[in-house]
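Okay, structure first, notes after.
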Amino acid sequence: MDVRTELNHRERATLRAVAEGHAEISCSCEPDLFVDGLACCDQHTAHRLAHLGLVAPARGGRWGERVPALLTDAGAVALGGLARPGVAA
Numbered sequence: 000m001d002v003r004t005e006l007n008h009r010e011r012a013t014l015r016a017v018a019e020g021h022a023e024i025s026c027s028c029e030p031d032l033f034v035d036g037l038a039c040c041d042q043h044t045a046h047r048l049a050h051l052g053l054v055a056p057a058r059g060g061r062w063g064e065r066v067p068a069l070l071t072d073a074g075a076v077a078l079g080g081l082a083r084p085g086v087a088a
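If you read the sequence shown in numbering that gives the first Met the number 0, its first letter stands for residue 0, the second for the next number, and so on.
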């Protein structure tokens, strides 16, 4: 699967927000995403990006805790290799 051809505009915008350091993610099996402190309006997108391995928590946390979100290497590839200040492997 080539994720670059399967991501919609909203998913790409969400990945850009994560890459720019604007996002937090909850520690859970269905992680919620928060952008600039507000809940992402499309949690289906947040769950999909996490399950595809495109975003990940920057560190571990308690169940339900919000922690910084990072763009993974796969997420960077999905965005066309944009430079990121912090990246999860």
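Where is the CB? At the ideal position from N, CA and C, for every residue including glycine.
Small disclaimer: the values here were computed from a predicted structure and weren't measured.
With a threshold of 8 Å on Cβ separation, who are the neighbours of residue i within its own chain once the five nearest residues in sequence on each side are excluded?
| i | result |
| --- | --- |
| residue 27 | 62, 63 |
| residue 24 | 30, 31, 32, 33, 45, 49, 54, 55, 56, 65, 66, 67, 68 |
| residue 60 | 26, 66 |
| residue 153 | The first residue shown for the chain is 0 and the last is 88, placing residue 153 beyond what the model contains. |
Just to confirm my understanding: we take residue i, look at its own chain, exclude 5 residues before and 5 after, and list those with CB closer than 6 Å. What are they?
| i | result |
| --- | --- |
| residue 82 | Note that residue 82 scores a pLDDT of 47, beneath 50, so its modelled location is shaky and nothing firm can be said. |
| residue 46 | 29 |
| residue 35 | 21 |
What does DSSP give as the partner residues of residue i in its beta bridges?
| i | result |
| --- | --- |
| residue 23 | 33, 67 |
| residue 38 | 33 |
Residue i and residue j: beta carbons closer than 8 Å?
| i | j | result |
| --- | --- | --- |
| residue 73 | residue 52 | yes |
According to DSSP, is residue i helix, strand or coil?
| i | result |
| --- | --- |
| residue 14 | helix |
| residue 0 | Legend: pLDDT at residue 0 = 42, less than 50; position of this residue unreliable, value from coordinates given subsequently. Of the three classes helix, strand and coil, the one that applies to residue 0 here is coil, per DSSP. |
| residue 61 | coil |
Closer than 7 Å by C-beta to residue i: which residues in its own chain qualify, once you throw out the five before and the five after it? Chain order, please.
| i | result |
| --- | --- |
| residue 41 | 9 |
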